[in-house]
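Just so you know, the sequences run in chain order L and X.
Heads up: the first sequence begins at 1 in the numbering used here, then just goes up one per residue.
Heads up: the second sequence begins at 1 in the numbering used here, then just goes up one per residue.
Even for Gly, the Cβ is constructed at its ideal location relative to N, Cα and C.
Bear in mind the structure is a predicted one, so any value in this text is a computation, not a measurement.
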Amino acid sequence: MRNLKRQLLAGPYLLWMTGFILLPVAVILYYAFTTTSGSFTFLNISSITFSVHLKALILSLKLALICTVICLVLSYPLAMILNGMKTKSQGFIVFVFILPMWMNFMLRILAWKMLLSNNGVINSLLGTLGLPKLDILNTPAAVVFCMVYDFLPFMILPIYNAMARIQTDTIEAARDLGAGTITIFFKIIVPLTMSGVVSGIIMVFVPALTSFAVSDLLGGGKVLLIGNVIEQAFMQEYNWNLGSGLSFVLMIFVIASMALMNSWEDEGRTGVW
Amino acid sequence: MKKTLLLLFAILAVFCAGCGKKDSPNTLTVLNYGKYMEPKVLDMFEEETGIKVEYEEYITPENMYTKYKAGAIDYDLVCTSDYMIEKLIQEGEVLEMDYNKIPFTENLEQTYFDFSKSFDPENKYTLPYFFGTVGILYNKDMVDATKVDSWDILWDKEYSDKIIMADSVRDSFMVALKRLGYSLNTSEEEKLREAQKLLIEQKPMVYSYLVDEAQDEMIAENAAMAVVYSGEAGYALEYNDKLAFSVPKEGSNMWIDSWFIPKSAKHTENAEKFLNFLCRKDIAMLNFDYVYYATPNIQVKEALDQELQENPTIFPPKETLDNCEVLKPLDDETTMKYNLYWKEIKSAD
């Protein structure tokens, strides 16, 4: 009885999961493997090999990778600095990092568009200082820049959490045994924060890979990511079958990258799965 | 146990609240382009007739088609562009309109019903709302005004990175096809490939591909030229007097946005009342002031001051219109070609 009660508590989530995760995925699968008239086909899936779609997928992978690497390079030292600070100021700094997330994602992208535009704030500032203009709006660089800006907290927080969990005893013990700073970093800090790094990478790479809004707004319609191709298939072409087929391929890439990252991680404690 | 049961009931209640489709006779569901009607008009209509209007918006005709075909909402009245209406008529999705129940139809100039014949040959399905052309909105300080009379200027290296193209398949292809001297409704593969080649060649010079935001970028002087609808140009001109508008001599696209009653309509009578309301002089005037596109409503046009009536940006002169073509719907195969070619342009370096 007691056990049943506990299981019932999961009921709402179960309903949620079936209604909003499992069913939609089933519908996507159905569309992905059928033609507009409803007969079975592999064409929607294999259309990923069309040069346009392949190009978009490769560009998405490339930008997502660049974005993840930049986030990691920025976050790791930052998390270390943060961890070394007094507890009181730590809370405040973490709060500052999360603060932008209180604002709507679209609004933040649009704000960057205004800032970066030809006659925008940044360029007029550079102009008055006699510096050359920054011409990155409507290029892949702007897309990566904004993705880094948006996804950075998702990298910092798990790494910072993993780091905060390292007992100072462990480090002191290592020091007692004669380990130098570099040895401590590579033999203790890095392995113990690996789980945080892995979740950080997944949490940045996956949304970066599937994003389409950033490239649409900051790419000026010139940067075609796989997400944009899918969006166009649904919204412009009224070809839900093609859109679903490509979504399915993208799902495989997402799952593969997650599996790859998780296989790296030992005894994942803060892992995503 | 009692608690868990209560919880379950609560969840069920929440789920069921969304289930039952309410269908009261005193409503009207309207689907229209974004920023295409003075919001006050809806309240005024409700006040006068007691009919509650559920108002929805979309961005491009293709979006409208997706929304309509999804079938989740039974729309009573839809406004969209010529070629999309023709497509829907061909698919049997449009109901015949009873103009006798819309007496204010007489306020609309016959000329525009004649233009409408290109997509509604017997004038029995649609009611024109606004119309206009597509042309180049340019900044007089940045662009040599003598050159804007031709689409060639959009391929001029001098304006590299200062050009805004339309982020819409048909409109962008229209520019390239017209520059080549072809019809904008062509389905010949060779001509389409030629147009695509031109657009790919142009891509490195393009600042961005936009639809609705093009006017804002031009007002902010972020670009020198943009391919826009005449109505948007009229709006932008109000905000920045360095801007001007030109419809190139090679010809362009003339579009008519019209209302139609779709097959999904549940409140046809309310839709007719609403259409009649829209054609009434005071309401049409309110909408004209808000949208600032050319109106087929003669009562409104005559009430405007002379200068505005003769403004070529808002009311395209007859010579311009004669040089323009109305978009026709394409067959499925050609649509697929267009979509593929467009993606190839978008992914080109």
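Residues near residue i by beta carbon distance below 8 Å, same chain, minus five either side
i: Ser160/X; result: Pro204, Met205
i: Tyr112/X; result: Pro128, Phe131, Ile256, Pro296
i: Leu65/L; result: Phe205
i: Gly34/X; result: Glu57, Tyr58, Ile59, Asp212
i: Ala294/X; result: Phe130, Phe131, Gly132, Ser230, Gly231, Ile314, Phe315, Pro316
i: Asp149/X; result: Ser246, Pro248, Lys249
i: Val214/L; result: Ile109, Val143, Cys146, Met147, Asp150
i: Pro132/L; result: Leu126
i: Tyr338/X; result: Val169, Arg170, Phe173, Leu192, Leu330
Nearest candidate by alpha-carbon position, reference residue i, set the options
i: Pro137/X; options: Ala284/X, Lys242/X, Asn287/X, Lys263/X; result: Residue 137/X is actually Leu in this sequence, not Pro. Closest option to Leu137/X, Cα to Cα, is Lys242/X.
i: Ala26/L; options: Ser247/L, Leu218/L, Ser257/L, Thr49/L; result: Ser247/L
i: Thr133/X; options: Asp332/X, Glu319/X, Tyr338/X, Ala303/X; result: Glu319/X
i: Pro25/X; options: Pro39/X, Ala265/X, Val247/X; result: Ala265/X
i: Phe315/X; options: Thr29/X, Lys40/X, Ser246/X, Lys178/X; result: Ser246/X
i: Thr29/X; options: Val53/X, Ala284/X, Glu238/X, Asp43/X; result: Val53/X
i: Tyr31/L; options: Met261/L, Leu260/L, Leu78/L, Ser244/L; result: Ser244/L
i: Tyr160/L; options: Ser89/L, Pro77/L, Thr128/L; result: Pro77/L
i: Tyr209/X; options: Asp167/X, Glu201/X, Asn63/X; result: Asp167/X
i: Thr193/L; options: Leu225/L, Lys55/L, Ala162/L; result: Ala162/L
i: Thr126/X; options: Thr105/X, Asp144/X, Ser183/X; result: Thr105/X
i: Leu107/L; options: Trp264/L, Tyr238/L, Leu218/L; result: Leu218/L
i: Ala70/X; options: Phe234/L, Leu129/L, Ser195/L, Phe95/L; result: Phe234/L
i: Gly347/L; options: Ile189/L, Phe105/L, Cys71/L, Ile58/L; result: For residue 347/L there is no data in the structure shown, the boundaries of chain L being 1 and 273.
Proximity below 8 Å, CB of residue i to CB of residue j
i: Ala224/X; j: Met142/X; result: yes
i: Tyr83/X; j: Leu327/X; result: yes
i: Leu116/L; j: Leu137/L; result: yes
i: Cys67/L; j: Val148/L; result: yes
i: Tyr292/X; j: Gly234/X; result: yes
i: Phe45/X; j: Phe274/X; result: yes
i: Glu250/X; j: Trp151/X; result: yes
i: Lys343/X; j: Val254/L; result: no
i: Asn107/X; j: Ile283/X; result: no
i: Glu194/X; j: Leu180/X; result: yes
i: Ala173/L; j: Asn83/L; result: no
Residue i CB to nearest heavy atom of the ligand FAD below 7 Å
i: Ile109/L; result: The ligand FAD is absent from the structure shown, which contains no ligands of any kind.
Beta carbon proximity, residue i to chain X, threshold 8 Å
i: Phe234/L; result: yes
i: Asn118/L; result: yes
i: Trp273/L; result: In this prediction, Trp273/L scores a pLDDT of 45, lower than 50, which makes its location untrustworthy; the coordinate-derived value is nonetheless stated afterwards. Chain X, which has no Cβ nearer than 8 Å to the Cβ of Trp273/L, makes this no.
i: Thr128/L; result: no
i: Asn138/L; result: yes
i: Val144/L; result: no
i: Val25/L; result: no
i: Tyr238/L; result: yes
i: Val121/L; result: no
i: Val190/L; result: no
i: Ile229/L; result: Checking the displayed sequence, the identity of residue 229/L turns out to be Val instead of Ile. Yes, because at least one Cβ of chain X sits closer than 8 Å to the Cβ of Val229/L.
Cβ-based neighbour list, residue i, same chain, cut-off 6 Å, excluding 5 preceding and 5 following
i: Asn367/X; result: Look at the range of chain X in this structure, 1 to 349, and you will see that residue 367/X is not part of it.
i: Ile153/X; result: Lys147
i: Ser347/X; result: none
i: Asp334/X; result: The displayed chain sequence assigns Thr, not Asp, to residue 334/X. So the qualifying residues of the chain are Ser187.
i: Glu231/L; result: Phe212
i: Ser75/L; result: Met155, Ile156, Ile159
Within-8 Å CB hit, residue i to chain L
i: Glu302/X; result: no
i: Thr313/X; result: no
i: Lys21/X; result: Its pLDDT being 48, under 50, Lys21/X is placed unreliably by the model, and nothing is read from it.
i: Asp114/X; result: no
i: Thr66/X; result: yes
i: Glu344/X; result: yes
i: Leu330/X; result: no
i: Lys197/X; result: no
i: Lys69/X; result: yes
i: Leu6/X; result: Any reading at Leu6/X must be qualified, since the residue scores a pLDDT of 46, below 50, and its modelled position is unreliable; no value is offered.
Cβ shell of residue i (< 7 Å), same chain only, five flanking positions each side left out
i: Leu199/X; result: Ser172, Ala176, Ile345
i: Thr34/L; result: Phe40, Thr41, Asn241
i: Arg170/X; result: Leu327
i: Asn123/X; result: Phe113, Ser116, Lys117
i: Val276/L; result: Nothing can be reported for residue 276/L, as the shown portion of chain L is limited to 1 through 273.
i: Gly50/X; result: Asn26
i: Cys324/X; result: Thr133, Gly251, Ser252, Asn253, Met254
(message) To be precise: take each residue of the region 203-225 of chain L, compare its Cβ to all Cβ atoms of chain X, and keep it if any distance is under 7 Å. Which residues remain?
(response) Gly220, Gly221, Lys222, Leu224
(request) For the region 52-70 of chain L, enumerate the residues whose C-beta is nearer than 9 Å to any C-beta of chain X, in chain order. (result) Val52, His53, Lys55, Ala56, Leu59
(message) Under 8 Å, CB to CB, which of the residues in the region 201-222 of chain X have a partner in chain L?
(response) Lys203, Val206, Tyr207, Ser208, Tyr209, Leu210, Glu217, Ala220, Glu221, Asn222
(request) Please name the residues in the region 250-269 of chain X whose beta-carbon is closer than 7 Å to at least one beta-carbon of chain L, in chain order. (result) none
(message) Using a Cβ-Cβ cutoff of 9 Å, what residues of the region 88-113 of chain X are near chain L? List them in chain order.
(response) none
(request) Scan the region 150-175 of chain X for residues whose Cβ lies nearer than 9 Å to a Cβ of chain L and list them as they occur along the chain. (result) Asp161, Lys162, Ile164, Met165, Asp167, Ser168, Val169
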